[in-house]
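Going from the sequence shown to our numbering is simple: count from 1 and add 259. What follows is a set of notes on a single structure, which appears directly below.
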Amino acid sequence: MSTTGPIITPDHWSELRRFTEARISLGRCGVSLPLAESLAFRLAHAQARDAVWQPFRVAELAGELEGAGLECLRLQSAVADRGEYLTRPDKGRRLGDASRELLAARAAGGAGGADGAASGAALHVAPGAAPDVVLVVGDGLSSRAVHETAGPLVRRLVPVLRGAGLCVGPVCLVENARVAVADEVGALLGARVAVILIGERPGLTSPNSLGIYLTHGPRPGATDEARNCISNVRPGGLSQEEAVRKLAYLLEESLALGLSGVGLKDKMPAAYLPFGRPAPPALEG
260 MSTTGPIITP DHWSELRRFT EARISLGRCG VSLPLAESLA FRLAHAQARD AVWQPFRVAE
320 LAGELEGAGL ECLRLQSAVA DRGEYLTRPD KGRRLGDASR ELLAARAAGG AGGADGAASG
380 AALHVAPGAA PDVVLVVGDG LSSRAVHETA GPLVRRLVPV LRGAGLCVGP VCLVENARVA
440 VADEVGALLG ARVAVILIGE RPGLTSPNSL GIYLTHGPRP GATDEARNCI SNVRPGGLSQ
500 EEAVRKLAYL LEESLALGLS GVGLKDKMPA AYLPFGRPAP PALEG
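Listed below in structure tokens is the structure:
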């Protein structure tokens with residue numbers, strides 16, 4: 260009697276793959292993965308590594324945002340290079356000296372200069388004025404996520420904030436950034452709330468996931484319980500439209516209550532409109 264069976268044994272949960280990008284129901288070939296799944300895993304691992312090491316194209320993103328009429332400041336953390344960024348997280352949480360001086364001059368009423376705002380960019384907050392909200396964009400652990408999602412999301416978000424009567428600071432683009440670098444940016448500009456859009460640690464199905472962190476009363480040394488996080492903003496995850504709606508809700512509550520983090524609970528109603536009004540059109544890039 261032959262005991263020979265099929266070369267590849269399918270998994271009976273395969274129907275569930277329609278509902279998730281997670282690595283489930285892969286089947287098996289003997290005691291191993293089928294070749295196609297093994298190759299797919301190696302590709303996903305390579306994409307995750309590439310997301311970490313891909314350079315942050317700051318000039319390209321600044322050009323997109325400045326083309327939409329937004330002022331951008333180009334900053335760097337205290338990190339010397341990408342290798343140091345990965346081994347010294349503490350340096351990614353601080354601005355470099357030149358960037359700190361640039362922001363201090365901006366807050367005191369000086370101009371951005373050649374290394375700050377590009378000439379001709381529209382100023383929506385006068386130098387020296389303290390904004391309600393400052394937006395920071397950092398490469399984090401996935402510049403791919405930033406390049407795919409951050410620009411369009413900022414162009415959706417800014418009209419919502421302006422429509423609510425909020426004073427929005429310059430968009431600060433920070434190379435080799437960790438989440439906490441937004442605390443120093445916000446403190447130097449005197450912002451009531453700092454919001455950072457940053458590439459999240461890539462997973463094997465999500466090398467392009469963007470995270471958003473909100474901190475009320477930003478200051479150097481603030482710890483994670485003082486922040487609110489919106490995660491997994493990407494195609495296949497949380498949509499940009501829903502991310503803007505969620506962030507608007509958290510901002511509205513944060514400014515009303517004067518806090519963020521563990522004291523600020525997400526109780527957003529299903530029918531919530533950002534600041535009580537339909538979202539205006541996104542800025543054209």
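C-beta: ideal position from N, C-alpha, C; glycine also.
Per DSSP, what kind of secondary structure is residue i in: helix, strand or coil?
{"i": "residue 271", "result": "coil"}
{"i": "residue 306", "result": "helix"}
{"i": "residue 402", "result": "helix"}
{"i": "residue 362", "result": "helix"}
{"i": "residue 518", "result": "coil"}
{"i": "residue 448", "result": "helix"}
{"i": "residue 510", "result": "helix"}
{"i": "residue 416", "result": "helix"}
{"i": "residue 276", "result": "helix"}
{"i": "residue 466", "result": "coil"}
{"i": "residue 505", "result": "helix"}
{"i": "residue 443", "result": "helix"}
{"i": "residue 544", "result": "coil"}
{"i": "residue 536", "result": "coil"}
{"i": "residue 461", "result": "coil"}
{"i": "residue 411", "result": "helix"}
{"i": "residue 367", "result": "helix"}
{"i": "residue 480", "result": "coil"}
Are the C-beta atoms of residue i and some chain C residue less than 8 Å apart?
{"i": "residue 503", "result": "Among the chains of the structure shown, chain C does not appear; only one protein chain is present."}
Rounded to the nearest angstrom, what separates residue i and residue j at their Cα positions?
{"i": "residue 482", "j": "residue 439", "result": "8 Å"}
{"i": "residue 371", "j": "residue 349", "result": "With a pLDDT of 46 at residue 371, under the threshold of 50, the modelled position of that residue is not reliable, and the figure given next carries that caveat. So the alpha carbons of these two residues sit roughly 26 Å apart."}
{"i": "residue 389", "j": "residue 488", "result": "24 Å"}
{"i": "residue 546", "j": "residue 443", "result": "Past the edges of the chain, shown from 260 to 544, lies residue 546, and the structure says nothing about it."}
{"i": "residue 528", "j": "residue 413", "result": "23 Å"}
{"i": "residue 322", "j": "residue 343", "result": "27 Å"}
{"i": "residue 530", "j": "residue 347", "result": "43 Å"}
{"i": "residue 479", "j": "residue 446", "result": "7 Å"}
{"i": "residue 524", "j": "residue 356", "result": "36 Å"}
{"i": "residue 513", "j": "residue 434", "result": "27 Å"}
{"i": "residue 463", "j": "residue 368", "result": "46 Å"}
{"i": "residue 519", "j": "residue 532", "result": "20 Å"}
{"i": "residue 467", "j": "residue 521", "result": "27 Å"}
{"i": "residue 407", "j": "residue 537", "result": "25 Å"}
{"i": "residue 409", "j": "residue 271", "result": "39 Å"}
{"i": "residue 431", "j": "residue 268", "result": "52 Å"}
{"i": "residue 516", "j": "residue 339", "result": "39 Å"}
{"i": "residue 428", "j": "residue 332", "result": "10 Å"}
{"i": "residue 324", "j": "residue 411", "result": "9 Å"}
{"i": "residue 496", "j": "residue 502", "result": "10 Å"}
{"i": "residue 335", "j": "residue 276", "result": "41 Å"}
{"i": "residue 305", "j": "residue 352", "result": "27 Å"}
{"i": "residue 539", "j": "residue 510", "result": "17 Å"}
Taking DSSP's pairing of strands, which residues face residue i in a bridge?
{"i": "residue 455", "result": "395, 472"}
{"i": "residue 434", "result": "335"}
{"i": "residue 606", "result": "Past the boundaries of the shown model lies residue 606; the chain is included only from 260 to 544, so the question cannot be answered."}
{"i": "residue 497", "result": "492"}
{"i": "residue 354", "result": "336"}
{"i": "residue 427", "result": "392"}
Does the beta-carbon of residue i, which I'm using as the reference point, lie nearer than 7 Å to any heavy atom of the ligand MG?
{"i": "residue 281", "result": "The ligand MG is not part of this structure, which contains no ligands at all."}
> Hey, is the segment 473-489 in contact with the segment 506-526, meaning 3+ C-beta pairs nearer than 8 Å?
Replying inline: yes
>> I want to know whether the segment 294-304 touches the segment 274-281 - three or more CB-CB distances under 8 Å.
In response: no
>> If we require 4 or more residues per run, which alpha helix (DSSP H) segments fall completely within the segment 281-350?
In response: 294-312, 317-326, 341-346
> Does the segment 350-361 come close enough to the segment 419-426 that 3 or more CB-CB pairs lie under 8 Å?
Replying inline: no
>> Can you confirm whether the segment 328-343 touches the segment 491-501 when touching is taken to mean that 3 or more C-beta pairs between the two stretches lie within less than 8 Å?
In response: no
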